[in-house]
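Chemist:
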Amino acid sequence: MIGWNGYKLRDPDNISTPAMLVFREVMESNIALCNRIGGAENLMVHVKTHKSLEVTRTQLEAGVAGFKASTLRELEMVLEAGAKVAVLAYPLAQARKAERLAELCAAHPDAAVHAIVSKPLHVELLKGAGARHGQSLRALLDLDVGMSRTGVAPGQGAEEIYRSLHEGEHVEATGLHAYDGHDHEPNPAKREILAAAHIEEVKRFRDLARGQGWSVDLIVGGGTFSFPYYAREAGMFGSPGNFIYWDATYADLMPDMPFRWAAFVLTQVVDSYPERGLFTTDLGNKAVAPDRPIPERAVLPKLPNAQLRAQNEEHGVFKITGEVPKVGSYLLAAPGHVCPTTIKYPHSLWIDSDGNVTGVNEHTARDRG
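In my numbering, the protein residues as written are 504 to 872.
1. Taking 7 Å as the cut-off, is the beta-carbon of L578 closer than that to any non-hydrogen atom of the ligand SAM?
2. Please classify M530: does DSSP put it in a helix, a strand, or coil?
3. What does a CB cutoff of less than 8 Å around Q814 pick up in its chain, not counting 5 residues either side in sequence?
4. I'd like the list of long-range same chain contacts for T552, defined as Cβ closer than 7 Å, with 5 residues on each side in sequence excluded.
5. G631 lies in the alpha helix (DSSP H); which residues open and close that run?
6. Between which two residues does the alpha helix (DSSP H) holding F730 run?
7. Helix, strand or coil for P838, going by three-state DSSP, please let me know.
8. Which runs of the alpha helix (DSSP H) spanning at least 4 residues fall entirely within the segment 643-684, listed in chain order?
9. Quick one: what does DSSP say Y510 is sitting in, helix, strand or coil?
10. Helix, strand or coil for A535, going by three-state DSSP, please let me know.
11. Quick check on R641: buried or exposed, where buried means 16 or more other Cβ atoms within 10 Å of its Cβ?
12. In chain order, which continuous runs of the alpha helix (DSSP H) of length 4 or greater are located wholly inside the segment 750-774?
13. According to the neighbour-count rule (16 or more other Cβ atoms, all chains shown, within 10 Å of its Cβ), is M504 buried or exposed?
14. When you compare the CB positions of I540 and P731, do they come within less than 8 Å of one another, or not?
15. Among N864, N517, V773, which one has its Cα closest to the Cα of V830?
16. Would you kindly work out how many angstroms separate the C-alpha atoms of A766 and L835, rounded to a whole number?
17. Might you give, ordered along the chain, the residues of its own chain that have their beta carbon closer than 6 Å to the beta carbon of D645, omitting 5 neighbours on each side?
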């Protein structure tokens, strides 16, 4: 058995490394904590972190209002799980994708599915797909509140897009979407101030739209950093994602949040250089997300003095102060960014509190679809 701080894993020899593990009771605790912080009925949780049909159903059973998805396959998954409200929070700029959205809406007529738009092309593609399928496709205006990744800044351009939704055929203006993912503020008081400013931007546009006689029925905003503030605002939904598994980066930036690591990568030491304080694992960049600087891509919690220094496709080389672990030994690695780590594995393994493997957690929406 191996373990750390209450986490246990029996018989690692029976698991081919590297492997993604999810400690189920910790994950379920994270869901309960998130629901307590934001109020389950006020949460439109993002599924990009786990991409799992089983986890989605667990969240539904816990009472969340609905889901956000980044891909059509994720959207299909949440609808299959039984979601009654879902947001595809990625603008569709390709006709075939708009067609696929229309097909999913037609296949799930009892669910309210919302696309996001910020450019005339997005609206026109939805109109065309809606017309071909004889239906009206719902859409939220994607407001850019400072990240400048997708969305339109509040102002005349945003009003024109929303007007085109309101007046267009085969589309329906249903509300607003705003993501403030550029605000990675570690100080809780400053974090709340930043979120409050964005919420006021959204409210001003909401009031302007309603003043024009345009309906604004759904407002979805924020991410893991800011979801509590949106969720506590009347008529808005917060949209956390990473909380469900947590990771080393979020734990470092948000120590005030009560979430715990639920997902780890089981890795093995395959070679070592004790005289240089180096050891090599199979934690290559094919095993853990490489979008963080190399030292921040993974943490070995049992070896706090070890730091990832070099990484290739299949190798992760650590430098350590102190005793070098033996070749063949197993370690739990907390990903620096868990969301793009999930897609590296077709499934993860469920681990119970006694360290037993209890099943397979399929990463249902691993493909974009």
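Beta carbons: idealized from backbone N, C-alpha and C, even for Gly.
Modeler: Based on what the coordinates show:
1. This structure lacks the ligand SAM, and indeed carries no ligand of any kind.
2. M530: helix per DSSP, three-state reduction.
3. Answer for Q814: L786, G787, N788, P793, I797, R800, V820, listed in chain order.
4. Taken in chain order, the residues that qualify are G744, N745, I747, Y748, V841, C842, T845.
5. Here the alpha helix (DSSP H) through G631 covers 623-636.
6. Annotation: the continuous alpha helix (DSSP H) that includes F730 extends over 730-734.
7. Residue state for P838 is assigned as strand, using DSSP reduced to three classes.
8. Within the segment 643-684, the complete alpha helix (DSSP H) runs of at least 4 residues are 659-670.
9. Assigned with DSSP and collapsed to three states, Y510 falls in strand.
10. Annotated three-state conformation of A535 is helix, per DSSP.
11. So R641 counts as buried.
12. Listed in chain order, they are 751-756.
13. Exposed.
14. Taking 8 Å as the Cβ cut-off, I540 and P731 qualify as a contacting pair.
15. When each option's Cα is compared against that of V830, the closest is V773.
16. So the alpha carbons of these two residues sit roughly 10 Å apart.
17. Listed in chain order, the non-local C-beta contacts of D645 below 6 Å within the same chain comprise I619, S621, T653, G654, H680, local neighbours out to five positions each way being set aside.
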